[in-house]
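Counted the way this note's numbering counts, the sequence shown spans residues 2 to 617.
These notes concern the structure reproduced below.
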Amino acid sequence: MKKNDFDIIVVGSGHAGIEACLASARMGLNTAVVTINLDNIGQMSCNPAIGGLAKGHLVREIDSLGGEMGRATDTTGIQFRTLNTKKGPAVRSSRAQADMFLYKQYMKIVLENTENLTLIQSMADSLIVENNVVKGVELWTGDKLFSGAVILTTGTFLRGLVHIGLFNYKAGRAGDFASNKLSLSLGRNNLELGRLKTGTTPRLDGRTISFSKLEEQRGDDGFTPFSLSSRKIENKISCFITYTNEKTHDIIKGNLDKSPLYCGVIKGTGPRYCPSIEDKVVRFKDKERHQIFLEKESLNSNEYYPNGLSTSLPLETQLNFLRTIEGLENVKILRPGYAIEYDYVLPTELYHSLETRKIGNLFLAGQINGTSGYEEAAAQGLIAGINAALKLKGENQLILGRDEAYIGVMIDDLITLGTTEPYRMFTSRAEYRLLLREDNADFRLCEYGRKIGLLDDERYNIYRQRIAGFNEVLNFIKTSEGGRLYNILKRPEVDILQLFNAEGRLCGDDNLLNSNKPYINIKDYGDEILKRVELYIKYEGYINRQKEEVKRMKKFEDYRLDKNLDYKSLSGLSIEVVEKLNKIKPETIYDASRISGITPAAISILLMHCSKTLYS
2 MKKNDFDIIV VGSGHAGIEA CLASARMGLN TAVVTINLDN IGQMSCNPAI
52 GGLAKGHLVR EIDSLGGEMG RATDTTGIQF RTLNTKKGPA VRSSRAQADM
102 FLYKQYMKIV LENTENLTLI QSMADSLIVE NNVVKGVELW TGDKLFSGAV
152 ILTTGTFLRG LVHIGLFNYK AGRAGDFASN KLSLSLGRNN LELGRLKTGT
202 TPRLDGRTIS FSKLEEQRGD DGFTPFSLSS RKIENKISCF ITYTNEKTHD
252 IIKGNLDKSP LYCGVIKGTG PRYCPSIEDK VVRFKDKERH QIFLEKESLN
302 SNEYYPNGLS TSLPLETQLN FLRTIEGLEN VKILRPGYAI EYDYVLPTEL
352 YHSLETRKIG NLFLAGQING TSGYEEAAAQ GLIAGINAAL KLKGENQLIL
402 GRDEAYIGVM IDDLITLGTT EPYRMFTSRA EYRLLLREDN ADFRLCEYGR
452 KIGLLDDERY NIYRQRIAGF NEVLNFIKTS EGGRLYNILK RPEVDILQLF
502 NAEGRLCGDD NLLNSNKPYI NIKDYGDEIL KRVELYIKYE GYINRQKEEV
552 KRMKKFEDYR LDKNLDYKSL SGLSIEVVEK LNKIKPETIY DASRISGITP
602 AAISILLMHC SKTLYS
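Have a look at this one:
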């Protein structure tokens, strides 16, 4: 075996690949990223947006760990909004529409100027594996690259097959080659593969849209940037809303015989939470209309993305149903919508570090693990890059708990539950979501980012200032006038900003306005910190309850399971339970309790086994 060309090779330069290669390079590892087309680094293959429900949480967590997605979005965003503002703080989420061309350009420039990072335009055809440990990759040219670890972030490229009506062709996405041989290499190394499907919308010519007929949706003023290091963001455009109607639905229903989804041509399982318009019309028969968001893809382009109209119907049918929609009566299609099938590795093949169980030093991230979405991919890429680097350094892996981050929830869901459909992050997936709010991502994760060497001085110092300011304000409110301010802020109708006087002072006296008493100045802290303190005070009881629940569950993590344990040797376990436990090999009793189909009785047997082992 020749000397390694690199410490780590990352295959793919989508959202997962970007975070993976940046993490390993910034941690000092000599890293290469192999990608089919260097001009498509950071390509937004679907909608031109970052964030959204629960996804905004992931972006802020990525930033707090030292990732790049938040900074890229703040820099290239053209409209910013906060979702669920009328609901509780746990489910409020940020979303930005980005200029997709500027986003790609931003990411390419960052990668090109990162130390320890080499960019290679090529395709990885197979893994080089010796004694169940990956040693590198072989390219389609026959050249071989050797490394200490490999991270696969292949997106929809593994045996990708694009469908438009009953016509299909091999592609990783429209305009890019599929990666057909790498799937075979994974199979030869005994990784279990599945088949998934996703899709995208037709792209529309904005010059042919009647915007005057549509409902305008503006961005939000006072939006908090995704990244700690961002100072200001700017809303530059509006989005527009329209709806499908009965005529639209009739055309779609009348052409289902030309739909690859309904003719049985597509074999992969599609995303239940992001269905195609064909699926919506068939499944939701009583719904008279479906909402469509028209999103401009770039400031310097007339191309629009009709969010909510994913389809794989024939081009002629797409045009016909589009022209029944208000504002789109004369619309022209620039690019047809399509569905794409692709291979993925069952995520139960992975450890929580995202290293595969069967091949040492091989890490997977993104859609290859069965997820959908830029944010889910980027979060996994960051963790895979961190853990590949930590393993080569001989240091402990970074495993985030379900009580620490949405990233931890997602990875734990994938590893212990697996998925047979594209996995999407939702706030409802987190049992401790009041602890995992968007606003406190920095408090939860910045110390991790700093410890592993990813969080730069600028972001870390801002985090330290924020946490100091938070503690100062909270302590002032709790101790002023025997806690009177604290009790006032417990009331749901009271806004902390209402308690400041005209000079911007909050005083701890009877009328709250006496400037001769100790006070805090709003200018010293800013609205964000003050609102964060208010939220903590209002929900403190609920937050403490969730913390107690976390403590109760943590006891199961103290019971570790031997990875070489053959569960057939434990009497009382059903055949189904034995098969699942032997396949997934949970590391702790808590991990075992998360596996679908593992009963309370089975957990009791495992607890008895651990107790016997502990005291034998």
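We treat Cβ as the ideally placed atom computed from N, Cα and C, and that holds for glycine.
Being a predicted model, the structure only gives us computed values, none of them experimental.
Fill in: Touching by the beta-carbon criterion (3+ pairs, under 8 Å), the region 388 to 403 and the region 18 to 28
yes
Practice prompt. For my contact list, T243 and L167 are in at a C-beta cut-off of 8 Å; report their separation, rounded to the angstrom.
Written response: About 29 Å; that fails the 8 Å criterion.
Worksheet item: Going by the CB atoms, is the gap between G52 and Q368 shorter than 9 Å?
Response: no
Item to complete: Ignore the nearest five residues each way along the sequence and tell me which others in Q547's own chain have a CB closer than 7 Å to its CB.
Response: Y433, L435 and L436
Practice prompt. With DSSP collapsed to three states, give me the class of I384.
Written response: helix
Worksheet item: Alpha carbon to alpha carbon, how far is T270 from R196?
Response: 7 Å
Fill in: For H164: DSSP bridge partner residues
N169 and A340
Practice prompt. Check whether the Cβ atoms of K198 and I293 sit closer than 9 Å, and answer yes or no.
Written response: no
Item to complete: Along the alpha helix (DSSP H) that carries F477, what are the first and last residues, could you check?
Response: D458 to T480
Worksheet entry | Enclosing beta strand (DSSP E) for N308 [first to last residue] | E304 to N308
Fill in: 7 Å CB neighbourhood of A17 in its chain, flanking five on each side removed
T154, A366, G367, A378, A379, Q381 and G382
Worksheet item: Do you know offhand how far E62's Cα is from G450's?
Response: 10 Å
Worksheet item: For Y1 versus I165, is the C-beta spacing smaller than 9 Å?
Response: The displayed coordinates of the chain run from 2 to 617. Any statement about residue 1 would go beyond what the structure contains.
Item to complete: For S148, collect the residues of the same chain with a Cβ closer than 7 Å to its Cβ; drop the 5 residues on either side in sequence, then sort them by chain order.
Response: N5, D6, F7, D8, I9, I10 and G137
Practice prompt. Examine the Cβ distances between the region 58 to 77 and the region 212 to 220 and report whether three or more of them are shorter than 8 Å.
Written response: no
Fill in: Three-pair Cβ contact test at 8 Å for the region 97 to 110 versus the region 26 to 45
yes
Worksheet item: Can you list, in chain order, the residues of its chain whose CB lies under 7 Å from that of R444, leaving out five sequence neighbours each side?
Response: Note that residue 444 is Phe in the sequence shown, not Arg. Excluding sequence neighbours, F444 sits near I468.
Discussion item. Using 8 Å for Cβ pairs, my map puts A593 next to L607. What's the rounded Cβ distance?
Written reply: 6 Å
Worksheet item: What residue does the alpha helix (DSSP H) around K556 start on, and which one ends it?
Response: E541 to E558
Discussion item. Short of 8 Å in beta carbon distance, which residues of its chain neighbour Y461, apart from the five on each side in sequence? Order them along the chain.
Written reply: C447, G450 and R451
Worksheet item: The beta strand (DSSP E) with A442 in it runs from where to where?
Response: No beta strand (DSSP E) contains A442, which is instead part of the alpha helix (DSSP H) from A442 to K452.
Item to complete: Using 10 angstroms around the beta-carbon of N256, count the other beta-carbons present and answer buried if the total reaches 16, otherwise exposed.
Response: buried
Discussion item. Helix, strand or coil for R430? Go by DSSP, reduced to three states.
Written reply: helix
Fill in: For E235, three-class secondary structure by DSSP
coil
Worksheet entry | Coarse secondary structure for S354, derived from DSSP in three states | coil
Discussion item. I'd like to confirm the pairing. Which residues does DSSP put opposite G52 in its beta bridges?
Written reply: R96
Worksheet item: Which residue or residues does DSSP assign as beta-bridge partners of R196?
Response: D344
Practice prompt. Using the Cα positions of T600 and L582, report the straight-line distance between them to the nearest angstrom.
Written response: 12 Å
Worksheet entry | Which residues DSSP lists as bridging V134, in chain order | E131 and G361
Item to complete: Would you decide whether V332 is buried or exposed? Buried here means 16 or more other CB atoms lie within 10 Å of its CB.
Response: buried
Worksheet item: Whose C-beta lies closer than 6 Å to the C-beta of G402 among residues of the same chain, with five residues either side of it excluded?
Response: G409
Worksheet item: To which residues does DSSP link K145 through a beta bridge?
Response: E139
Item to complete: Compare the Cα-Cα distances from M411 to each of E439, E376, L310 and E193 and report the closest residue.
Response: E376
Worksheet item: Which first and last residues belong to the alpha helix (DSSP H) in which I293 is found?
Response: That residue, I293, is in no alpha helix (DSSP H); its beta strand (DSSP E) goes Q292 to K297.
Worksheet entry | C-alpha distance - E350 paired with S373, whole-angstrom precision | 18 Å
Discussion item. Between the region 26 to 36 and the region 171 to 181, can you find at least three pairs of beta-carbon atoms closer than 8 Å?
Written reply: no
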